[in-house]
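The structure appears below as structure tokens.
Residue numbers (the numbering used here), protein chains in the order written: chain A, 343 to 809; chain B, 7 to 107.
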């Protein structure tokens, strides 16, 4: 019985998603679409409540596959909140609202499993459920060639990476003979990894798979094309919650810092530098955000390398803080940009005149971009501060320095967006902005939250009970 | 009976075959097939590992790999149909290069 209580969030999400899918098969009109949207929000909210009321450290469910220590619960609630946000802020396609919402809920289920995985099998299943939903969501508007192309590219590369990941897990299992993460960490620390070349290789392949899912350099090639191809809110979801979920699932592997620390160091440094430099060369907005998200993964890995080191704020705590801070900004930015309707890819020049047509939207985008750039008073500033200070106190000097350098470079392309947003336009008659009152109020609320938490970061730290 | 170590070596060979297939092949269908080979190599490695340690976890994992790989290919083939309808080709390089909208 107590096992069922622990599994309740997953059960709610799985059955709820299917319910939404079945209801959506009717010919949809606006009322039905709105009903499905709110039903999805209720389902996600129900799952979040069930999760929040799970007692921390209650019995692991399903043979130890799902664990619920407080860090797992915090992560799970965060992802469900981002998902509900996406459902509310996104413009659901009129012809297939049921499928759209059901797939979002399934993706959320994958994230939920990832956030609480206690075994290699749960980790694999979570990643796959998440990816399978994302394949379809990316190419949802498949009459557009770009969406089809992006979805196909993501499918091929992600499946390739998943195969690396699962083969790596297989090698790890063959060396240590356990799927349980806690047990695995124990055996690794008692036996040591250096005497088990097969496990070393296995963890290496595992890092390749994870690196791909995070779009860390050198596994970042897909990011720009896929973000550009996918619908705005989905791109925001990939960049925020899906990466956050993979990070959450990666935290039990902190012992890898001892053996694969150099590789992770290189990945982190390369992501920060390459992501920001590539962003400089780009003129299309979604691609700029894609490169910035690559750089942000580099920053987050600094926190990962710091692990449980840190004065006051541990690296892991800083990571959780940053995942939230970053998710607010990137999901907000992608969704807000999707309100600007274009028949071709959105370039920075297309942003001219947005401030005049819709000052509120322009200001919100400004807040999101400032937060991404890490300029106070937005929350992104404190996120970076905590990450880098954790990195310094863990004894890494160069990573924070590189991170600061990278952020400084990044300011240039962030400013380019802002300048175009507010530049007095030559006429931009093609500019069409459309949003519902619900959408714009959610975007404004998000921007307000970014500024509020940026001024009072302590409130969020206590809310997350991190440090 | 095949010793577990040899099964692991076979799994590694299969995996490398799949990797080469994905890299060399340009046709979407064949790329999907190669990915499938990689998944099954991982499955074989899991079964070998479970034989090595005399416990069933690895075999259970393999049962989970099967439907995941199948779902992966199902979506891949659905996309392949759409791609072929639009571009009249399944060559990944041609598709990636076409920039017309």
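Built from N, CA and C at the ideal position, the CB exists for glycine as well.
Chain B contact for residue i (CB, 9 Å cutoff)
i, result
"residue 463/A", "yes"
"residue 540/A", "yes"
"residue 520/A", "yes"
"residue 572/A", "no"
"residue 731/A", "no"
"residue 355/A", "no"
"residue 477/A", "yes"
"residue 517/A", "yes"
"residue 790/A", "no"
Buried versus exposed, by CB contacts within 10 Å (16 or more), residue i
i, result
"residue 414/A", "buried"
"residue 394/A", "exposed"
"residue 494/A", "buried"
"residue 357/A", "exposed"
"residue 427/A", "buried"
"residue 550/A", "buried"
"residue 638/A", "buried"
"residue 562/A", "buried"
"residue 443/A", "buried"
"residue 534/A", "exposed"
"residue 668/A", "buried"
"residue 555/A", "buried"
"residue 776/A", "exposed"
"residue 774/A", "exposed"
"residue 15/B", "exposed"
"residue 33/B", "exposed"
"residue 101/B", "buried"
"residue 450/A", "buried"
"residue 38/B", "buried"
"residue 737/A", "exposed"
CB contact below 9 Å: residue i versus chain A
i, result
"residue 44/B", "yes"
"residue 98/B", "yes"
"residue 30/B", "no"
"residue 26/B", "no"
"residue 101/B", "yes"
Alpha carbon of residue i to alpha carbon of residue j, nearest angstrom
i, j, result
"residue 424/A", "residue 583/A", "7 Å"
"residue 545/A", "residue 726/A", "28 Å"
"residue 778/A", "residue 376/A", "12 Å"
"residue 80/B", "residue 347/A", "33 Å"
"residue 806/A", "residue 682/A", "34 Å"
"residue 787/A", "residue 711/A", "15 Å"
"residue 65/B", "residue 676/A", "42 Å"
"residue 24/B", "residue 83/B", "18 Å"
"residue 632/A", "residue 486/A", "20 Å"
"residue 31/B", "residue 743/A", "42 Å"
"residue 671/A", "residue 715/A", "10 Å"
"residue 739/A", "residue 708/A", "32 Å"
"residue 795/A", "residue 784/A", "16 Å"
"residue 389/A", "residue 354/A", "6 Å"
"residue 629/A", "residue 747/A", "21 Å"
"residue 68/B", "residue 54/B", "11 Å"
"residue 644/A", "residue 600/A", "14 Å"
"residue 571/A", "residue 596/A", "34 Å"
"residue 763/A", "residue 693/A", "5 Å"
"residue 812/A", "residue 386/A", "It is not possible to answer for residue 812/A, since the shown part of chain A is limited to 343 through 809."
"residue 126/B", "residue 27/B", "Here chain B has residues from 7 to 107 only, and residue 126/B is not among them."
"residue 316/A", "residue 514/A", "Residue numbering for chain A in the displayed model covers 343 to 809; residue 316/A lies beyond these limits and cannot be assessed."
"residue 627/A", "residue 759/A", "7 Å"
"residue 592/A", "residue 516/A", "20 Å"
Inter-residue CB distance, residue i and residue j (contact presumed, cutoff 8 Å)
i, j, result
"residue 383/A", "residue 430/A", "6 Å"
"residue 466/A", "residue 70/B", "7 Å"
"residue 531/A", "residue 458/A", "Going by Cβ atoms, the distance from residue 531/A to residue 458/A rounds to 23 Å, so no, they are not a contact pair."
"residue 349/A", "residue 408/A", "6 Å"
"residue 509/A", "residue 21/B", "5 Å"
Heavy atom of the ligand SAH within 8 Å of residue i beta-carbon
i, result
"residue 599/A", "Absent from the structure shown: the ligand SAH. Ligands present: none."
Report task. Check distances from the C-beta atoms of the region 58 to 81 of chain B to those of chain A and list, in chain order, the residues that come in under 8 Å. Result -> Hits within the stretch, in order: 58, 59, 61, 63, 64, 66, 67, 70, 71, 74, 77, 78 and 81.
Query raised in the report: What residues in the region 444 to 475 of chain A bring their beta carbon closer than 9 Å to a beta carbon of chain B?
Result: Answer in chain order: 461, 462, 463, 466, 467, 470, 471, 473 and 474.
Query - Near-chain B residues of the region 498 to 515 of chain A (beta-carbon distance less than 7 Å), N- to C-terminal order - result: Contact annotation: in the region 498 to 515 of chain A, residues whose CB is within less than 7 Å of a CB in chain B are 498, 501, 502, 505, 508, 509, 512, 513 and 515.
Query raised in the report: Just by C-beta distance, which residues in the region 684 to 699 of chain A are closer than 7 Å to chain B?
Result: Those would be 686, in chain order.
Report task. Quick one: which residues of the region 7 to 23 of chain B get their C-beta closer than 9 Å to a C-beta of chain A? List them in chain order. Result -> Flagged, chain order: 10, 14, 17, 18 and 21.
Report task. Could you name the residues of the region 482 to 498 of chain A whose beta carbon sits closer than 8 Å to any beta carbon of chain B, in the order they occur along the chain? Result -> Those residues of the region 482 to 498 of chain A that come within reach of chain B (Cβ to Cβ, closer than 8 Å) are 484, 486, 487, 488, 490, 491, 493, 494, 495, 497 and 498.
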